[in-house]
Amino acid sequence: MLTITNLHASVGDRPILKGIDLSIKAGEVHAIMGPNGSGKSTLSYILAGREGYTVTEGSVTYKGEDLLALPPERRAAAGVFLAFQYPVEIPGVSNSTFLKTALNAVRRQRGEAELDAMQFLKLARTKCKQLGMTDEMLKRAVNVGFSGGEKKRNDILQMALLDPRLTILDETDSGLDIDALRIVADGVNSLRGPERAMLVITHYQRLLSYIVPDHVHVLAFGKIQRSGGKELALELEARGYAEFGVNEAA
Amino acid sequence: MTWLNTLRSAGRARFAELGFPKVRQEDWRFTNLGALERTLFLPASPASALVAVDALPSVTPSHRLVFVNGGFRADLSAASERPDGVIIGSLAAVMASHPALVEAHLGQRADDAGHGPLALNTAHLADGAVLYVPKGVYLDKPVELVMIGAGGHEPLSWHPRLLVVLEERAGATLIEHHFSLGDGAATFSNGVSEITLGTGARLRHYKAQRENAAAFHLSTLSGRLEHDACYEGFLLTLGARLSRNEVRLVLAGPGAEAKLSGAYLLRGEQLGDTTTVIDHASPRCTSQQLFKGVIDDKAQGVFQGKVLVRPNAQKTDARQLSRALLLSDDARIDAKPELEIHADDVKCSHGATAGDLDEDAMFYLRARGIDRDGARALLIGAYVNEAIAEISSEPVREAFEALADHWLRS
Ligand SMILES: Nc1ncnc2c1ncn2[C@@H]1O[C@H](COP(=O)(O)OP(=O)(O)OP(=O)(O)O)[C@@H](O)[C@H]1O
Ligand SMILES: [Mg+2]
């Protein structure tokens, strides 16, 4: 589903990703772990299409298409979804307007009928309930005044509505309390399936005990240093990143 | 009427002396009227342009007065039942029916001592609109003024005068629509408004200006608020090649309250100038101003806001905020907030900000499938609606939101 080949990228003239190779097949869940500043969010932004990153070498294909050639909205329509490490606040735009505009934009691009206000509200309320969110959060401005955990849930609500094929979760677990973690993990797991894939970025083994990965990768210094099965996450939790030349105390 | 002729010839003499303001004048520093001055405008004659009545803007059932090129059009206007003593009509008609009333108020608020466009308006004084509400009467239905510009083969100008008098505890809502029919040669609308609010009177005054790219639009408003009077004003500027809304309010009686807000959306080579002077001349008055600009292409926004607090105006509460969103590298805003405080027990704040669209928010929206134009429209709409939210009349708020939204999508 997703093939990343020898990906090099920089911000300004500072190289951050230095040759990433990663292949994710439909039905698989991959986890990426790695020290702060190693380039995990950079990779997720490049996959989602954020401006300001220059791909200097390599390629990314998604369902056989050159993903990097698409603007962010086309990637979203094609089924790529990024849950942000830091969801953005948008004053003055109500969450429900945002969600409805996004959902209908995606449906339109997918050749599906748009939902009217009633249909949307019904759907949004159902999804809200599943994620333990109140209807009141639909009325408020997007993420404005939301707690850290509420922002993360709001991102998962967007995921549930947009029905993605490739979901990238960038530290979705950080800031979530134990119950919220379970609710979010359930939401994510309900989107697992033979035709979907996931890339889960996290610092903690705990999320991976709920969303069990097929493969775990260690990203450090802009490169995937090691890959393994789900037991690699446990090993990292115990030993840290020292063996990859990262001094954790620094 | 000799007093009228006297007024006119005084205006003529003043304008001959003053001419149009020059950029070397402090409060015209950013707004160059050179192009206006170089154009030879003919005074518009009462236009008989064909205007379909159902095409006239109206946000709510109202008393409607329609003007084409400054001339009153009874055939397009809709007079309806009004409470006893309320006068709503064209200036020419009310001058004929209630000469003493007009004579008593005309020229009282507008002080043309140093103001060229105002003197020019006085020189051409002929028509306009009058709203008079007697003591204790609350006018339910808003009054809508529809000011249509219909450009011809040659540049045309008109100089409407608006006279609003609300007596003690009277209340009214006034909505102005200014727009152009089709294209044509340059037009110059040079309006002057005089507003008198008696003790405890309340006026809501909303204006939407969307004239075409050949239009020059100058508007000078002078208002006086007595004890506990309240003025709520909103200026929505979408049109005209060059426009200036100048609003001067004197808070003359204790406890008077002015809420003045606006949004200007400019593109192409438009210039939109908002100049306000709030004169706190009495204790315990409040003024609240919020102006937001969206400026694209090579357009230029100007905001000059002066708050004057006179020595006896203790317990003044004056707030002013000007914000501008610059959507292109060539877009420009000149903001000059100014506080002049001569009293010590006051709460005053002002601020001016300018910035561009939040890139993080843009990416967040696009990552959810909304294309660039849609994301921009959503963000700019939210930004503008924050100012429009100041409008307390719901139908007007919705109508102005729709106008701004239409601008964003065109
Ligand atoms: N816009 C930017 N400008 C300058 N430097 C940047 C920018 N974006 C990322 N970087 C730098 O790139 C490096 C990788 O950052 P990135 O956010 O991808 O790390 P991360 O692996 O997600 O870290 P964390 O675990 O703390 O979230 C960091 O050193 C960061 O400072
Ligand atoms: Mg990160």
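Heads up: the protein sequence lines correspond to chains A and B, in order.
Using the numbering used here, the first residue of the first sequence is number 38, and each one after it goes up by one.
Using the numbering used here, the first residue of the second sequence is number 35, and each one after it goes up by one.
A virtual CB, placed ideally from N, CA and C, is assigned to each residue, including glycine.
The structure displayed is predicted, hence computed values, not measured ones.
_Heavy atoms of ligand 1 versus C-beta positions, residues under 5 Å_ = Applying a distance threshold of 5 Å between residue Cβ atoms and the heavy atoms of ligand 1 selects 48(A), 53(A), 73(A), 74(A), 75(A), 76(A), 77(A), 78(A) and 79(A), given in chain order.
*Interface partners of residue 129(A) on chain B, CB under 7 Å*: Within chain B, the residues whose beta carbon sits less than 7 Å from that of residue 129(A) are 416, 417, 419 and 420, listed in sequence order.
*Please classify residue 252(A): is it buried, with 16 or more other beta-carbons within 10 angstroms of its beta-carbon, or exposed?*
By the neighbour-count rule (16 or more Cβ atoms within 10 Å), residue 252(A) is buried.
*asked:* Give me the subset of the segment 272-284 of chain A whose CB atoms are less than 7 Å from a CB atom of chain B, sorted by chain position.
replied: Correct list: empty, as no residue qualifies.
*Interface residues of chain B around residue 143(A) at Cβ under 7 Å?*
Here the neighbours are 403.
*Residue from 113(A), 133(A) and 246(A) whose Cα sits closest to the Cα of residue 145(A)*: Nearest of 113(A), 133(A) and 246(A) to residue 145(A), Cα basis: 113(A).
*Would you be able to state if there are at least three C-beta pairs under 8 Å between the segment 114-124 of chain A and the segment 157-166 of chain A?*
Contact fails between the segment 157-166 of chain A and the segment 114-124 of chain A, because fewer than three Cβ pairs, one in each stretch, are under 8 Å apart.
*So, is residue 336(B) buried or exposed, given that buried needs 16 or more other C-beta atoms within 10 angstroms?*
Buried: at least 16 other Cβ atoms inside 10 Å.
*Per DSSP, residue 55(A) forms a beta bridge with which residues?*
The bridge partners DSSP lists for residue 55(A) are 45(A).
*asked:* Looking at the strands, I want to know which residues DSSP matches up with residue 188(A).
replied: Partner(s): none; residue 188(A) has no beta bridge.
*Secondary structure at residue 80(A), three-state DSSP: helix, strand or coil?*
Residue 80(A) falls in the helix class under three-state DSSP.
*With respect to the beta strand (DSSP E) encompassing residue 246(A), which residues constitute its N-terminal and C-terminal limits?*
Run containing residue 246(A): none in the beta strand (DSSP E); it sits in the alpha helix (DSSP H), 242-247.
*Cβ pair residue 97(A), residue 46(A) closer than 8 Å*: No, the Cβ-Cβ distance between residue 97(A) and residue 46(A) is not below 8 Å.
_Beta bridge counterpart(s) of residue 371(B) as assigned by DSSP_ = Residue pairing from DSSP places residue 371(B) in a beta bridge opposite 339(B).
_Determine whether the beta carbon atoms of residue 424(B) and residue 293(B) lie at a separation below 8 Å._
Yes, these two residues count as a Cβ contact at 8 Å.
_As assigned by DSSP and simplified to three states, the class of residue 66(B)_ = Under the three-state reduction of DSSP output, residue 66(B) falls in the coil class, being neither helix nor strand.
*asked:* Am I right that residue 351(B) and residue 320(B) are in contact with their C-beta atoms under 8 Å? What's the rounded C-beta distance?
replied: With a Cβ gap of about 4 Å, residue 351(B) and residue 320(B) count as contacting.
*What residues in the segment 145-173 of chain A have a beta carbon less than 8 Å from any beta carbon of chain B?*
Of all residues in the segment 145-173 of chain A, only 146 place a beta-carbon less than 8 Å from a beta-carbon of chain B.
_heavy atom of ligand 2 below 7 Å from residue 187(A) C-beta_ = Every heavy atom of ligand 2 is 7 Å or more from the Cβ of residue 187(A), so no.
_Measuring only the C-alpha atoms, how far is residue 97(B) from residue 111(B)?_
A direct Cα-Cα distance of roughly 8 Å separates residue 97(B) from residue 111(B).
*Assign residue 271(B) to buried or exposed, taking buried as 16 or more other Cβ atoms, counted over all protein chains shown, within 10 Å of its Cβ.*
So residue 271(B) ends up on the buried side.
*In its own chain, which residues sit with a C-beta less than 8 Å from the C-beta of residue 244(A), not counting the 5 before and 5 after it?*
Exclusion of the five residues before and after residue 244(A) leaves 209, 210, 218, 222 and 237 as the residues of its chain whose Cβ lies within less than 8 Å of its Cβ.
*May I ask you to report which of helix, strand or coil DSSP gives residue 281(A)?*
In this structure, residue 281(A) counts as helix in the three-state DSSP scheme.
*Residues of the segment 70-92 of chain A with Cβ closer than 9 Å to any Cβ of chain B, in chain order*: Listed by position, the residues of the segment 70-92 of chain A near chain B (Cβ gap below 9 Å) are 82, 85, 86, 87, 88 and 89.
*Using a Cβ-Cβ cut-off of 6 Å (strictly less than) and excluding sequence neighbours within five positions of residue 68(A), which residues of its own chain qualify?*
Non-local C-beta neighbours of residue 68(A) in its own chain, meaning closer than 6 Å and more than five positions away in sequence, comprise 237, 245, 250 and 253, ordered along the chain.
*Note down, in chain order, each residue of its chain lying with its Cβ closer than 8 Å to the Cβ of residue 109(A), except the 5 sequence neighbours on either side.*
85, 86 and 87.
*Residues of the segment 99-127 of chain A with a CB closer than 9 Å to any CB of chain B: list them in chain order, please.*
Sequence-ordered contacts of the segment 99-127 of chain A with chain B read 108, 109, 110, 111, 112, 113, 114, 117, 118, 119, 121, 123, 124, 125, 126 and 127 [C-beta pairs closer than 9 Å].
*residue 320(B): first and last residue of the uninterrupted beta strand (DSSP E) it sits in*: Element bounds for residue 320(B): 320-329.
*My understanding is that residue 442(B) touches residue 414(B), with C-beta atoms under 8 Å, so please give their C-beta distance in whole angstroms.*
In this structure residue 442(B) touches residue 414(B) by the C-beta definition: roughly 6 Å separates them, less than 8 Å.
_Quick check on residue 53(A) - is its C-beta less than 8 Å from some C-beta in chain B?_
Chain B contact via Cβ: absent.
*Residues of the segment 390-401 of chain B with a CB closer than 7 Å to any CB of chain A: list them in chain order, please.*
Residues passing the 7 Å Cβ filter: 394, 395, 397, 398, 400 and 401.
*Taking 7 Å as the cut-off, is the CB of residue 210(A) close to at least one heavy atom of ligand 2?*
Checking the Cβ of residue 210(A) against ligand 2 gives no.
*For residue 215(A), count neighbouring C-beta atoms within 10 Å of its own C-beta (all shown protein chains included) and say buried if the count is 16 or more, exposed if not.*
Result: exposed.
*Along chain A, in chain order, which residues have C-beta atoms closer than 7 Å to that of residue 412(B)?*
Within 7 Å Cβ-Cβ: 130 and 138.
*Which stretch, first to last residue, makes up the alpha helix (DSSP H) that contains residue 139(B)?*
Counted as a single uninterrupted DSSP element, the alpha helix (DSSP H) harbouring residue 139(B) occupies residues 133-139.
_For ligand 4, I want to know if residue 122(A) counts as a neighbour, meaning its beta carbon is within less than 7 Å of at least one of the ligand's heavy atoms._
Ligand 4 is absent from the structure shown, which contains only ligand 1 and ligand 2.
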